[in-house]
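Asker: I have a structure I would like to understand better, so I am pasting it below and will then ask my questions one at a time.
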Amino acid sequence: MASIAPEEVVIKETGRWSSVTYVKGAMTNSRGALILTNRRLVFTPGKWQPTDATILVLGRLVSDPETVQIPLNAITRVEKGFGEHIDVYADKKYDFRGMRGAGEWVSAIEQARSGAGAYASPIVAPKTGVASAGICSSCRQPIRPQDRFCSNCGAAIEATPRACQRCGAEIDPSMRFCSNCGTPLK
Numbered sequence: 000m001a002s003i004a005p006e007e008v009v010i011k012e013t014g015r016w017s018s019v020t021y022v023k024g025a026m027t028n029s030r031g032a033l034i035l036t037n038r039r040l041v042f043t044p045g046k047w048q049p050t051d052a053t054i055l056v057l058g059r060l061v062s063d064p065e066t067v068q069i070p071l072n073a074i075t076r077v078e079k080g081f082g083e084h085i086d087v088y089a090d091k092k093y094d095f096r097g098m099r100g101a102g103e104w105v106s107a108i109e110q111a112r113s114g115a116g117a118y119a120s121p122i123v124a125p126k127t128g129v130a131s132a133g134i135c136s137s138c139r140q141p142i143r144p145q146d147r148f149c150s151n152c153g154a155a156i157e158a159t160p161r162a163c164q165r166c167g168a169e170i171d172p173s174m175r176f177c178s179n180c181g182t183p184l185k
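Under numbering that gives the first Met the number 0, the first residue of the sequence shown carries the number 0, and numbering increases by one thereafter.
In structure tokens, the structure reads:
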């Protein structure tokens, strides 16, 4: 998964087992995951790409698949193509195919671009009521990391969850292993 900044909120993602194909040209494409945040659209290539450092395509060498990051403010338009694919227009045309719910993706990207809904704010408290980025989830006032109660409203501050280094899953700080992939946590 792409590195997500603390002030970013994941709005939609294709998920672990649902793969998307990013078509770069007639003979070059890569499969991976698509993630929409409140700031950008990110394509991360899957782990099961060819193991060689380069791929020979029509007599020329093509480097490994790269992560594509498209800032939402750079996107000029989004269109649903035939079947399960979308075209995203920014500095160039990005073609993503084989994705379920292409129409939902188009509307989610448009909503995120316009800043409408719950994703307009760069800092959003998680649903669990846990303090995030030094903000009280009850009154939205700044708090210090060592605070156990909000000095403004008196709400109890729960420990901030941490992210697994391997899969990016949100983990309770008291856990020693990731409950999603089993990686030991530091």
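Glycine is no exception: its CB is placed at the ideal position from the N, C-alpha and C atoms.
1. Assuming isoleucine 10 and leucine 35 form a contact by the criterion Cβ under 8 Å, report the distance between their Cβ atoms to the nearest whole angstrom.
2. Count the other C-beta atoms from every protein chain shown that fall within 10 angstroms of the C-beta of arginine 38, then say buried if there are 16 or more, exposed otherwise.
3. Which same chain residues end up closer than 6 Å to threonine 127 when comparing Cβ atoms and leaving out the 5 residues on each side of it in sequence?
4. Could you check what DSSP says for valine 87 in three-state terms: helix, strand or coil?
5. To the nearest angstrom, report how far apart glutamine 164 and leucine 184 are at their CA atoms.
6. Considering only the beta carbon of each residue, do threonine 66 and valine 41 sit closer than 8 Å?
7. Could you check whether the region 162-181 touches the region 137-150, counting it as contact only if at least three pairs of C-beta atoms, one from each stretch, sit closer than 8 Å?
8. Mind checking which residues open and close the beta strand (DSSP E) that includes serine 136?
9. Where serine 113 and cysteine 166 are concerned, what is the direct C-alpha to C-alpha distance, given to the nearest angstrom?
10. Buried or exposed for glycine 100, going by 16 or more other Cβ atoms inside 10 Å?
11. Just to confirm, is the Cβ distance from alanine 204 to alanine 73 under 8 Å?
12. Quick one, which of Asp94, Ile69, Gln68, Pro70 has its alpha-carbon nearest lysine 79's?
13. What residues in its chain sit with their C-beta under 7 Å from that of valine 22, if we drop five residues either side in the sequence?
14. State yes or no: is the C-beta of methionine 98 within less than 8 Å of the C-beta of valine 8?
15. Please list the terminal residues of the continuous alpha helix (DSSP H) segment that includes glutamate 109.
Answerer: Here's the rundown:
1. Mapped onto the sequence shown, residue 10 falls at position 11. Mapped onto the sequence shown, residue 35 falls at position 36. Indeed, because the Cβ distance is near 5 Å, the residues count as touching under 8 Å.
2. Sequence index remark: in the sequence shown, residue 38 carries index 39 (1-based). Classification for arginine 38: buried.
3. In the sequence shown, counting from the first residue as 1, residue 127 sits at position 128. Confidence at threonine 127 is low in this model, with a pLDDT of 38, below 50, so its placement is unreliable and the value that follows should be read with caution. None.
4. The residue you call residue 87 lines up with position 88 of the sequence shown. Strand at valine 87.
5. Within the sequence shown, numbered from 1, the residue matching residue 164 stands at position 165. Within the sequence shown, numbered from 1, the residue matching residue 184 stands at position 185. For glutamine 164 and leucine 184, the distance between alpha carbons rounds to 8 Å.
6. Counting from 1 along the sequence shown, the entry for residue 66 is found at position 67. Counting from 1 along the sequence shown, the entry for residue 41 is found at position 42. Yes, Cβ-Cβ distance for threonine 66 and valine 41 is below 8 Å.
7. no
8. The count along the sequence shown starts at 1 and reaches residue 136 at position 137. Run containing serine 136: none; DSSP gives neither H nor E here.
9. Residue mapping note: residue 113 aligns to position 114 of the sequence shown, counting from 1. Residue mapping note: residue 166 aligns to position 167 of the sequence shown, counting from 1. Cα-Cα distance, rounded: 30 Å.
10. Within the sequence shown, numbered from 1, the residue matching residue 100 stands at position 101. That one is exposed.
11. Residue 204 is absent from the structure shown; the chain starts at 0 and stops at 185.
12. Counting from one through the sequence shown, the residue named residue 79 turns up at place 80. The residue with the shortest Cα to Cα distance from lysine 79 is Asp94.
13. As a first step, residue 22 must be located in the sequence shown, where it is residue number 23. Excluding positions up to five away in sequence, the list reads Asn28, Asp94, Arg96.
14. One-based indexing of the sequence shown puts residue 98 at position 99. One-based indexing of the sequence shown puts residue 8 at position 9. No.
15. Counting from 1 along the sequence shown, the entry for residue 109 is found at position 110. That run of the alpha helix (DSSP H) goes 101-113.
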